Amino acid sequence: MALPSSFTDHLTAEGYHPRSNRHSNALAQAIAADLYAHCQLLRNRAHEGDVVYDLNFNIQANVSWNVDLVIGAPPLGEQEGVEQGIRQSSPSTIQVAIELKSVMTEQRKAVRNRTRDLDAHHQHVHHYNPNTIAAGVLVVNASESFKSPLREAITLHKNVDTLISHCIQQVRGLQIRQSGLSTGIDAVCALIIDLANNEEPAEYFSRPPAPSIGDPLHYDAFIQRICSAYEQLWS
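Residues in the sequence shown are numbered consecutively from 381, following our numbering.
Right, here's the structure in full:
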(Lines of atoms letter the chains of each structure in order from A and count residues from 1; the text may use other names and numbers.)
(Lines give C-alpha, C1' and ligand atoms only; values in the text may rest on other atoms or scores of the structure.)
Protein backbone atom coordinates (compact mmCIF):
# COMPACT_ATOMS: atom_id res chain seq x y z
CA MET A 1 0.00 0.00 0.00
CA ALA A 2 1.39 3.40 -0.95
CA LEU A 3 1.70 6.07 1.70
CA PRO A 4 -1.07 8.68 1.26
CA SER A 5 0.29 10.99 -1.42
CA SER A 6 -2.64 13.40 -1.08
CA PHE A 7 -1.24 14.40 2.31
CA THR A 8 2.21 15.38 1.01
CA ASP A 9 0.53 17.03 -2.00
CA HIS A 10 -1.46 19.16 0.41
CA LEU A 11 1.65 20.10 2.41
CA THR A 12 3.48 21.01 -0.79
CA ALA A 13 0.62 23.20 -2.01
CA GLU A 14 -0.46 24.82 1.25
CA GLY A 15 2.29 24.21 3.78
CA TYR A 16 1.89 23.52 7.47
CA HIS A 17 0.44 25.95 9.99
CA PRO A 18 0.24 24.86 13.64
CA ARG A 19 -2.93 26.87 14.20
CA SER A 20 -4.81 25.34 11.29
CA ASN A 21 -6.47 21.94 10.97
CA ARG A 22 -6.25 21.89 7.18
CA HIS A 23 -3.25 19.53 7.18
CA SER A 24 -4.92 17.11 9.61
CA ASN A 25 -8.13 17.23 7.58
CA ALA A 26 -6.14 16.28 4.46
CA LEU A 27 -4.54 13.32 6.25
CA ALA A 28 -7.86 12.26 7.80
CA GLN A 29 -9.56 12.14 4.42
CA ALA A 30 -6.67 10.13 2.98
CA ILE A 31 -6.96 7.61 5.82
CA ALA A 32 -10.73 7.37 5.35
CA ALA A 33 -10.15 6.63 1.65
CA ASP A 34 -7.59 3.92 2.44
CA LEU A 35 -9.87 2.28 5.02
CA TYR A 36 -12.63 2.28 2.42
CA ALA A 37 -10.27 0.72 -0.13
CA HIS A 38 -8.88 -2.01 2.13
CA CYS A 39 -11.67 -2.90 4.61
CA GLN A 40 -14.32 -4.91 2.79
CA LEU A 41 -16.90 -4.83 5.58
CA LEU A 42 -16.57 -1.08 5.97
CA ARG A 43 -16.71 -0.59 2.18
CA ASN A 44 -19.87 -2.67 1.85
CA ARG A 45 -21.54 -0.72 4.62
CA ALA A 46 -20.50 2.58 3.07
CA HIS A 47 -22.16 1.56 -0.22
CA GLU A 48 -25.34 0.73 1.69
CA GLY A 49 -25.29 4.00 3.62
CA ASP A 50 -24.68 2.26 6.95
CA VAL A 51 -21.31 3.95 7.57
CA VAL A 52 -20.33 7.62 7.41
CA TYR A 53 -17.28 9.64 8.43
CA ASP A 54 -16.73 13.08 9.89
CA LEU A 55 -13.85 15.42 10.74
CA ASN A 56 -13.18 17.28 13.99
CA PHE A 57 -16.01 15.51 15.79
CA ASN A 58 -16.70 15.96 19.51
CA ILE A 59 -17.08 12.65 21.36
CA GLN A 60 -18.99 13.01 24.62
CA ALA A 61 -17.91 10.84 27.57
CA ASN A 62 -18.04 12.85 30.80
CA VAL A 63 -16.01 15.49 28.96
CA SER A 64 -16.03 16.48 25.30
CA TRP A 65 -13.04 15.31 23.25
CA ASN A 66 -12.52 16.58 19.72
CA VAL A 67 -11.29 13.79 17.41
CA ASP A 68 -9.76 14.39 13.98
CA LEU A 69 -11.50 11.50 12.16
CA VAL A 70 -14.48 9.40 13.21
CA ILE A 71 -16.33 6.64 11.36
CA GLY A 72 -19.62 5.12 12.42
CA ALA A 73 -23.30 4.53 11.83
CA PRO A 74 -25.41 7.47 10.59
CA PRO A 75 -28.48 8.71 12.44
CA LEU A 76 -31.60 6.62 11.90
CA GLY A 77 -33.34 7.58 8.70
CA GLU A 78 -30.18 8.96 7.09
CA GLN A 79 -29.00 5.80 5.37
CA GLU A 80 -27.97 7.11 1.96
CA GLY A 81 -25.94 4.74 -0.17
CA VAL A 82 -23.04 5.91 -2.32
CA GLU A 83 -21.29 4.29 -5.27
CA GLN A 84 -17.77 5.25 -4.21
CA GLY A 85 -16.15 6.33 -0.96
CA ILE A 86 -17.72 7.07 2.40
CA ARG A 87 -20.30 9.81 2.76
CA GLN A 88 -19.43 12.61 5.18
CA SER A 89 -22.02 13.09 7.91
CA SER A 90 -22.21 13.11 11.72
CA PRO A 91 -22.21 9.52 13.03
CA SER A 92 -24.76 8.54 15.65
CA THR A 93 -22.44 5.82 16.99
CA ILE A 94 -18.67 6.07 16.79
CA GLN A 95 -17.06 2.83 15.62
CA VAL A 96 -13.59 4.17 14.75
CA ALA A 97 -11.91 7.26 16.23
CA ILE A 98 -8.52 8.38 14.90
CA GLU A 99 -6.38 11.13 16.42
CA LEU A 100 -3.69 12.81 14.29
CA LYS A 101 -0.70 14.51 15.90
CA SER A 102 2.31 16.27 14.36
CA VAL A 103 5.83 17.00 15.54
CA MET A 104 7.32 19.49 13.10
CA THR A 105 10.08 21.11 15.15
CA GLU A 106 11.53 20.94 18.68
CA GLN A 107 10.92 17.23 18.30
CA ARG A 108 12.31 16.01 21.63
CA LYS A 109 10.09 18.30 23.65
CA ALA A 110 7.01 18.09 21.45
CA VAL A 111 6.90 14.29 21.12
CA ARG A 112 6.35 13.82 24.86
CA ASN A 113 3.22 15.95 24.76
CA ARG A 114 1.92 14.36 21.56
CA THR A 115 2.30 10.79 22.84
CA ARG A 116 0.53 11.83 26.05
CA ASP A 117 -2.26 13.16 23.85
CA LEU A 118 -2.51 9.80 22.07
CA ASP A 119 -2.56 7.98 25.40
CA ALA A 120 -5.36 10.20 26.67
CA HIS A 121 -7.20 9.76 23.36
CA HIS A 122 -7.60 5.99 23.63
CA GLN A 123 -8.62 6.24 27.28
CA HIS A 124 -11.35 8.73 26.47
CA VAL A 125 -12.57 6.76 23.44
CA HIS A 126 -12.75 3.48 25.34
CA HIS A 127 -14.59 5.22 28.16
CA TYR A 128 -17.14 6.29 25.54
CA ASN A 129 -17.44 2.70 24.26
CA PRO A 130 -15.01 -0.20 24.83
CA ASN A 131 -15.81 -1.50 21.34
CA THR A 132 -14.86 1.74 19.61
CA ILE A 133 -11.51 1.44 17.83
CA ALA A 134 -9.11 4.11 19.07
CA ALA A 135 -6.23 4.75 16.68
CA GLY A 136 -3.56 7.38 16.34
CA VAL A 137 -0.98 8.76 13.91
CA LEU A 138 2.13 10.72 14.77
CA VAL A 139 3.61 12.74 11.90
CA VAL A 140 7.31 13.47 12.49
CA ASN A 141 9.27 16.00 10.45
CA ALA A 142 12.69 14.80 9.29
CA SER A 143 13.73 17.95 7.47
CA GLU A 144 17.03 19.52 8.51
CA SER A 145 15.33 22.92 8.54
CA PHE A 146 11.82 24.20 9.12
CA LYS A 147 10.21 27.58 8.48
CA SER A 148 7.45 28.08 11.01
CA PRO A 149 4.80 30.64 10.05
CA LEU A 150 4.92 31.78 13.69
CA ARG A 151 8.65 32.65 13.67
CA GLU A 152 10.84 34.86 11.53
CA ALA A 153 13.93 32.68 11.79
CA ILE A 154 14.35 29.26 10.21
CA THR A 155 14.80 26.46 12.75
CA LEU A 156 17.65 24.04 12.08
CA HIS A 157 17.43 20.39 13.17
CA LYS A 158 20.70 18.64 14.01
CA ASN A 159 21.18 14.85 14.05
CA VAL A 160 17.88 14.22 12.27
CA ASP A 161 18.21 10.41 12.38
CA THR A 162 18.64 10.54 16.15
CA LEU A 163 15.58 12.79 16.48
CA ILE A 164 13.48 10.41 14.37
CA SER A 165 14.65 7.39 16.37
CA HIS A 166 13.76 9.15 19.60
CA CYS A 167 10.25 10.02 18.40
CA ILE A 168 9.64 6.49 17.13
CA GLN A 169 10.74 5.01 20.43
CA GLN A 170 8.28 7.27 22.23
CA VAL A 171 5.47 5.97 20.03
CA ARG A 172 6.55 2.38 20.64
CA GLY A 173 6.11 3.06 24.35
CA LEU A 174 2.35 3.45 23.94
CA GLN A 175 0.33 0.55 25.29
CA ILE A 176 -1.30 -1.44 22.46
CA ARG A 177 -4.66 -2.99 23.26
CA GLN A 178 -4.60 -6.74 22.83
CA SER A 179 -7.57 -9.07 22.41
CA GLY A 180 -9.63 -9.25 25.58
CA LEU A 181 -8.10 -6.13 27.16
CA SER A 182 -10.00 -2.93 27.81
CA THR A 183 -7.06 -0.52 27.75
CA GLY A 184 -4.50 0.53 25.18
CA ILE A 185 -4.56 2.11 21.75
CA ASP A 186 -5.88 -0.22 19.03
CA ALA A 187 -3.63 0.95 16.21
CA VAL A 188 -0.85 3.52 15.89
CA CYS A 189 1.64 4.53 13.23
CA ALA A 190 4.48 6.97 12.68
CA LEU A 191 4.60 8.85 9.39
CA ILE A 192 7.99 10.45 8.75
CA ILE A 193 8.00 13.37 6.31
CA ASP A 194 10.60 15.76 4.95
CA LEU A 195 8.99 19.22 5.13
CA ALA A 196 11.05 22.41 5.14
CA ASN A 197 7.78 24.40 4.86
CA ASN A 198 9.37 26.82 2.42
CA GLU A 199 7.52 25.92 -0.80
CA GLU A 200 9.83 22.98 -1.52
CA PRO A 201 7.97 19.70 -2.22
CA ALA A 202 7.04 17.66 0.84
CA GLU A 203 8.14 14.04 0.66
CA TYR A 204 7.95 10.93 2.79
CA PHE A 205 11.19 9.98 4.53
CA SER A 206 11.34 6.23 3.93
CA ARG A 207 14.88 5.14 4.77
CA PRO A 208 15.86 3.91 8.25
CA PRO A 209 15.12 4.83 10.97
CA ALA A 210 11.63 5.40 9.49
CA PRO A 211 9.32 2.39 9.96
CA SER A 212 9.53 -0.04 7.03
CA ILE A 213 7.14 -2.69 5.75
CA GLY A 214 6.66 -5.28 8.49
CA ASP A 215 7.14 -2.77 11.31
CA PRO A 216 4.01 -2.48 13.52
CA LEU A 217 4.32 1.33 13.21
CA HIS A 218 4.26 1.28 9.39
CA TYR A 219 1.17 2.73 7.70
CA ASP A 220 0.30 -0.64 6.13
CA ALA A 221 0.14 -2.33 9.52
CA PHE A 222 -1.90 0.57 10.87
CA ILE A 223 -4.60 0.23 8.21
CA GLN A 224 -4.62 -3.57 8.47
CA ARG A 225 -4.93 -3.49 12.25
CA ILE A 226 -7.92 -1.14 12.08
CA CYS A 227 -9.56 -3.36 9.45
CA SER A 228 -9.04 -6.48 11.56
CA ALA A 229 -10.39 -4.79 14.68
CA TYR A 230 -13.40 -3.53 12.74
CA GLU A 231 -14.22 -7.05 11.57
CA GLN A 232 -13.91 -8.38 15.14
CA LEU A 233 -15.76 -5.63 17.00
CA TRP A 234 -18.37 -4.40 14.52
CA SER A 235 -19.29 -7.41 12.38
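Yeah, the Cβ is synthetic: ideal placement off N, Cα and C, and Gly gets one too.
Every value quoted in this text rests on a predicted model; they were computed, and no experiment measured them.
- Here Gln440 carries a strand assignment [DSSP, helix/strand/coil].
- Between Asp497 and Glu479, the alpha-carbon positions lie close to 9 Å from each other.
- With respect to the 8 Å criterion, Ser523 and Asp574 are classified as neighbours on the basis of their beta carbons.
- Across the set Ser469, Tyr584, Asn511 and Asp595, the C-alpha of Ser469 shows the shortest separation from the C-alpha of Phe437.
- Secondary structure of Arg467 (DSSP, three-state): strand.
- With 16 or more neighbouring CB atoms inside 10 Å of its own CB, His598 falls in the buried class.
- Counting C-beta atoms within 10 angstroms of its own C-beta, His397 has fewer than 16 neighbours from the protein chains shown and is therefore classed as exposed.
- Collapsing the DSSP output to three states places Thr563 in coil.
- Nearest Cα to Pro454 within the set Gln475, Ser385, Gly516 and Glu463: Gln475.
- With a threshold of 16 other beta carbon atoms within 10 Å, Lys489 falls short and is exposed.
- Cβ atoms of Ile565 and His502 come within 8 Å of each other, at about 4 Å.
- A check of alpha carbon separations from Glu394 across Asn577, Pro588 and Phe602 identifies Asn577 as the nearest.
- Per DSSP, the continuous alpha helix (DSSP H) segment holding Thr392 begins and ends at Ser385 to Glu394.
- Judged by beta-carbon spacing, Ile513 lies within the 8 Å limit of Ile606, meaning their Cβ atoms are closer than that value.
- Between Ile451 and Val431, the C-beta spacing is below 8 Å.
- For Thr473, the enclosing beta strand (DSSP E) starts and ends at Thr473 to Val483.
- DSSP, reduced to helix, strand and coil, places Leu415 within a helical segment of the structure shown.
- Pairing Ala582 with Arg467, the inter-Cα distance amounts to about 29 Å.
- Look at Leu575 here: in three-state DSSP terms it is coil, with no helix or strand label.
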